[in-house]
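For the sequence shown, the UniProt record's numbering begins at 1 and goes up steadily by one.
Backbone N, C-alpha and C fix where the C-beta goes; we use that ideal spot for every residue, glycine too.
Reviewing the structure listed below.
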Amino acid sequence: MLAVAAFVLVLAVGPFFGFRAYARRVEAMETPTEDRLHRLNRVQQAAGFGLPALAILGVYAFGLMDRATAHIDTAGPELFGINVPEFAVTVLVSFGVVAVPLVSMTLGTYPTVRSLRETTASAWRRVRQVVTVLTIAIAIAVVGIGGVIALGSAVSVSRLALIVTLGGLVFASFGLSPYLHVLTRDHVPLEGQRRKRIERLCSAAGYRPREISLLEGESTKTANALVAGTLPRRRYVFLTDYLLEECDDDELQAILAHEFGHVVDRHLWQRGALTVAVIGGWALVAQRVEFGWLEATFGFVGYFVPLIGLYVLYRVFLLGALARWQEFRADAYAARTVGREATIAALETLADANDVRLEAGLLYSLATHHPPIADRIAALRDGVDGERSRTASSD
């Protein structure tokens, strides 16, 4: 019991002290602000993969999951063959052991981020954002995995049917993710002259949203826009107040056109299709290749480590490469729609407003699913002439 308590304590305070010390060292460096922020973002990206994996391994190494479910009545209420209390405890424990070190890391780094960027938002606001994103990810996983377990327990179906079902759930979750994300964020309808401004810019870009809402970004200096548009007649535009203040009309129209480009080219559906293909491919490989000896030899580690390796391969190298390519495509769409120079100016404004470094390594861009701003600008200068394309399309 003492070992379990020590493990939980390390999860709760270890990342805070470790990242607080690193953040202070970064803050003291004699380098531009964007370079120091890039250092912090880079180490947090790596920790975002490593900390949850180590936490889950610790849960099973110390038998925390078994302890948590030991007193649950196996004859308790069931839903589609799933023991509801046991499933709920498993989900809550998993969420907790993943959330605690990530929140600890956030609390350790955010004071430095707030100092460097001179923002006014509290650390708890940033923590809430982290927990919200994690909650959405866990919810999607629970729906997918729980749905397949329920289907397999309730009726006699083939493995192919289970894969197809999981694939459908995953595919749908990608398409609906913008709506889920928006539901968890505070927003208000955009009104007055600012609304007329956005309506005019959207109309000029050939896009008519059903609703336009404002997100708070001033306290965090977040210049960002989001379009939820995968469902016909359910297209919404969300912008931060900080973005409205930082961009002129041409830049703002280019940013909106970039987001519309993601919708027009069905980029979220493409990501869903890739995810389904990875899951299906893994299932087929696992069916033909016997991996049971890994679990028999190394226990949970033999099962979990290869799974994490597959996730990193998928999340960073496969999905990251696709997302990176999609960003270039969305930039090209914006250039064709509103002009190349306006799109380049918008990217430069976003980089300056968000204190983003213009250059970054390939691995970092794959992990963040965004190419460096400098690469995006270079691609626009070397690629499609937005002004010529727009003129040609109107002839």
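- Here Glu86 really is in contact with Thr69; their C-beta atoms are around 5 Å apart, less than 8 Å.
- The alpha-carbon separation between Val316 and Leu366 amounts to approximately 5 Å.
- For the pair of segments examined, the segment 258-269 was found to touch the segment 211-231: the number of CB pairs separated by less than 8 Å reaches three.
- Taking a contact to require three or more Cβ pairs closer than 8 Å, the segment 346-356 and the segment 252-260 qualify as touching.
- Bounds of the beta strand (DSSP E) holding Phe238 are 236-240.
- When only Cα atoms are considered, Arg185 and Val289 end up about 44 Å apart.
- Here the alpha carbons of Ala330 and Tyr207 stand approximately 15 Å from one another.
- Just so you know, the alpha carbons of Trp325 and Thr297 end up roughly 41 Å apart.
- With fewer than 16 other CB atoms across the displayed protein chains lying within 10 angstroms of its CB, Leu307 is exposed.
- Val26: member of the alpha helix (DSSP H) spanning 2-27, first to last residue.
- With 16 or more other Cβ atoms from the protein chains shown falling within 10 Å of its own Cβ, Gly339 counts as buried.
- The segment 291-362 contains, as complete alpha helix (DSSP H) runs of 4+ residues, the segments 292-298, 300-312, 319-338, 340-353 (chain order).
- Taken atom to atom, the span from the alpha-carbon of Arg336 to that of Val285 is near 43 Å.
- For the set Arg25, Glu30, His38, the Cα lying nearest the Cα of Thr368 is the one of His38.
- For Val301 and Tyr242, the gap between their C-alpha atoms comes out near 46 Å.
- Secondary structure of Leu231 (DSSP, three-state): coil.
- The beta carbon of Pro101 is closer than 6 Å to those of Leu11, Pro15, Leu51, Ala55 in its chain, skipping five residues each way along the sequence.
- Spanning the alpha carbons of Ala223 and Glu246 requires a straight line of approximately 8 Å.
- The criterion of a C-beta distance shorter than 8 Å is satisfied by Leu268 and Gly175.
- Here Val26 is buried. Its C-beta has 16 or more other C-beta atoms within 10 Å.
- DSSP places Ser213 in no alpha helix (DSSP H) but in the uninterrupted beta strand (DSSP E) bounded by 211-215.
- Short of 7 Å from the beta carbon of Arg126, and not among the five residues preceding or following it, lie these beta carbons of its own chain, in chain order: Thr106, Tyr110.
- Ranked by how close their Cα comes to the Cα of Val8, the residues Ser177, Pro32, Val59, Gly48 have Val59 in first place.
- Between Leu134 and the set Ser177, Val13, Arg117, Glu118, the nearest pair of CA atoms involves Ser177.
- When C-alpha distances from Phe328 are compared across Val93, Met29, His370, Val84, the shortest belongs to His370.
- The distance from the Cβ of Leu190 to that of Ile212 is about 5 Å, consistent with a contact at the 8 Å cut-off.
- Residue burial annotation: Leu201 is buried, with at least 16 other C-beta atoms found within 10 angstroms of its C-beta.
- In the DSSP assignment, Val59 falls outside any beta strand (DSSP E) and lies within the alpha helix (DSSP H) extending over 33-61.
- Following the DSSP letters along the chain, one finds Pro189 inside the beta strand (DSSP E) bounded by residues 187-189.
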